[in-house]
Structures are given as C-alpha cells and as structure tokens.
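Notes follow once the structure below has been shown.
This is the structure in structure tokens:
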C-alpha cells in the first residue's frame with residue numbers, strides 16, 4: 631500500500647520511452663536512408679520510399695509530443711535540475727568524443743574537443759531551444775495562469791496565424807517549428823488542454839487520422855514531382871502535426887497503470903537522445919553502420935527490419951550508458967550541491 635502512494639503513474643513514462651524510440655527510428659530513416667534529401671531535391675528513390683514516407687508521418691510527431699508533455703505538467707524551474715542537465719550534456723559531448731579518439735575513429739586536438747561543447751548553440755538543436763523554454767517557464771506559467779479560457783483561445787489562434795502568414799519572403803516565423811516560438815506555442819496549447827481538456831475519447835484514432843493526413847500530403851506532393859514541398863509537410867509547426875501530438879499524448883494519458891521498471895527506464899531515455907545524437911556517434915551510425923546494412927541486406931524489406939533492430943540496439947546501449955553516467959555523476963552532483971556558493975545559486979529559484 632505504501633508503494634502505491636509513492637510510485638507515480640507509468641502511462642506518460644511509457645510515452646516518453648515510445649517517443650525516444652520513435653526519434654531514433656526517425657533519425658535512422660531520414661539520415662541513414664537519406665529520406666531527408668527530399669528537402670534538397672537530391673533524393674534517390676528506393677523501393678521502400680512510399681513506406682518510408684508513411685512511417686515518417688507517424689514518427690515525426692515525437693518531438694512536439696515531448697514539448698507538449700512539458701507544457702501539460704508545467705516545467706518547474708530548479709537550478710539543481712539545470713546544473714544536472716548541463717553536466718549531462720557535457721559528459722556526452724566530451725566523453726564520447728574521447729572514446730572515439732581511443733578507438734582510433736577520431737583524431738584528438740584541443741580545438742575539436744572544445745567544439746564538442748557546440749550543443750550550446752547547434753548540433754543538438756533541441757538542447758539550446760529546450761533550455762530556453764526551461765528558463766522562460768516560470769514567467770510563462772505565471773502569465774498563463776492569469777488568462778481565462780477565452781483569452782487562451784485567442785492567444786493560440788493569433789500565434790498560429792502569425793506562424794503561417796506569408797510576407798515578401800518566407801514566413802513571419804521562419805524556423806519551420808525548430809525554434810523557441812513553436813516550443814512556446816505548444817507549451818501554451820498544452821496549458822490549455824491541462825485546464826480545459828480533461829480527456830479525449832478515442833484519441834488513438836485522432837493520432838492515426840492526423841498521421842494519415844500528413845502522409846497523404848507528403849506522398850501526394852512527392853508523387854506529383856514536388857519533393858521539396860514534401861519535406862516541408864514535416865515541419866514541426868505544421869498544425870496537423872501539432873494536433874497529432876495532442877492526440878498521441880491523450881492516447882497514453884487515457885491509460886492507467888504503474889510499473890517501477892517503466893518509470894526507471896523513462897528516467898534514462900534522454901541520455902539515449904544525447905548518445906545517438908552526439909556528433910561522432912551520429913555520423914558513425916549514418917556513414918558506417920547504415921551504409922553497411924544497405925550493402926549486405928538483399929532487399930528493402932530486410933533493410934527496414936534491420937533499421938528497427940539497429941534502433942533497438944541504440945536504445946539499449948543508450949540507456950545503459952546513461953545508467954553508468956548517473957552512477958558516476960550523481961555523487962559529483964551531490965558534492966557540488968554541498969558547496970556554499972552553489973547552494974546560493976540553487977536558492978535563486
């Protein structure tokens with residue numbers, strides 16, 4: 631009985647795990663199988679191109695759903711969490727680079743090592759954007775708490791329109807949904823749902839329908855010979871894609887169960903993202919592992935199955951490394967938190 635009181639629900643934790651696996655498969659398909667080259671017009675069609683477009687239409691929602699989770703449960707800014715987050719990113723940047731040097735897969739020099747900290751401004755594009763959202767969260771939470779339902783709806787509509795108004799060149803917000811504007815927008819939508827949308831029946835149907843709409847738009851433009859337009863369908867600020875994220879979230883929120891194992895694994899999945907997106911690892915997977923699979927697999931069916939298998943391996947390796955990292959870094963963090971000036975900084979929030 632005591633365990634039931636302290637153990638949190640596992641539905642959203644399971645969603646975090648599923649989302650991370652979706653992100654890994656998405657990266658292997660779009661980078662390893664070159665589907666992202668649709669955007670540059672240099673894509674070479676494969677027998678499985680149609681299926682890849684269909685698959686990506688279901689996978690592309692993962693990042694938006696992650697942000698939606700943050701908005702729904704509201705980010706509570708804590709300096710300790712920020713410090714831990716930065717140490718985690720630094721660990722993966724530097725240690726993985728040194729491992730590649732040790733294995734003879736990279737050449738060591740101090741400039742390159744310093745550049746491994748590029749996560750602060752590029753590379754892991756998600757990291758600096760999410761850090762910005764994390765820093766803004768206290769002000770967002772306070773501001774949104776003062777708005778009523780009608781005001782929230784008006785804000786959401788205005789922000790949605792501004793993101794898609796065409797000016798002389800490009801959009802009013804031209805980051806394609808990969809910037810702080812879209813993250814804040816999704817955060818606000820999630821805040822609205824938290825307060826005014828308690829449940830969506832058959833949310834899984836909505837997710838499937840939205841994904842099929844995205845597929846129809848993407849494949850339709852590809853079929854008529856407009857591959858560059860095809861890739862824009864997958865922009866994160868696509869309203870259908872954002873709606874799909876809402877449905878996927880409520881698909882899992884509608885579940886109710888508890889699992890200590892799922893909760894434990896969910897606490898490791900962000901490390902999996904940092905692991906497979908670290909520059910050396912990312913390039914090795916794309917230019918070596920997937921290239922090898924494309925060489926040895928007899929057809930596209932077995933190739934795609936091997937991609938899923940590789941994603942499972944990457945996920946398992948990622949959570950294993952993160953568990954080791956926590957074992958190493960947690961005592962260091964506890965020591966840092968006992969330093970007076972660090973405590974003073976932590977007390978600022």
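Numbering (the numbering used here), first residue to last: 631 to 979. Ideal Cβ placement from N, Cα and C applies to all residues, glycine included.
- Per DSSP, residue 805 lies in no alpha helix (DSSP H) and is assigned neither H nor E.
- Taken through DSSP and simplified to helix, strand or coil, residue 906 comes out as helix.
- In terms of Cα proximity to residue 825, the closest of 805, 777, 952 is 777.
- Within the same chain, and ignoring the five residues on either side of residue 844 in sequence, the residues whose Cβ sits closer than 8 Å to its Cβ are 687, 690, 863, 864, 868, 870, 871, 874.
- For the 7 Å CB-CB criterion, residue 647 and residue 896 form a contact.
- Sorting 716, 964, 729 by C-alpha distance to the C-alpha of residue 754 places 716 at the top.
- The region 847 to 862 makes no contact with the region 721 to 734: fewer than 3 CB pairs, one atom from each, lie closer than 8 Å.
- Around the C-beta of residue 757, 16 or more other C-beta atoms lie within 10 Å, and the residue is accordingly described as buried.
- Assigned with DSSP and collapsed to three states, residue 880 falls in helix.
- For residue 932, the number of other beta carbons within 10 angstroms of its own is below 16, and it is reported as exposed.
- Sequence-distant Cβ neighbours of residue 860 in its own chain, meaning closer than 7 Å and more than five residues away, are 668, 848, 851, 852.
- Between the alpha carbons of residue 652 and residue 942 lies a distance of about 10 Å.
- For secondary structure counted as the alpha helix (DSSP H) over 4 or more consecutive residues, the region 825 to 857 holds these complete runs in sequence order: 833 to 853.
- Nearest Cα to residue 724 within the set 919, 816, 739, 893: 739.
- Fewer than three pairs of CB atoms, one per stretch, sit closer than 8 Å, so the region 671 to 679 makes no contact with the region 955 to 963.
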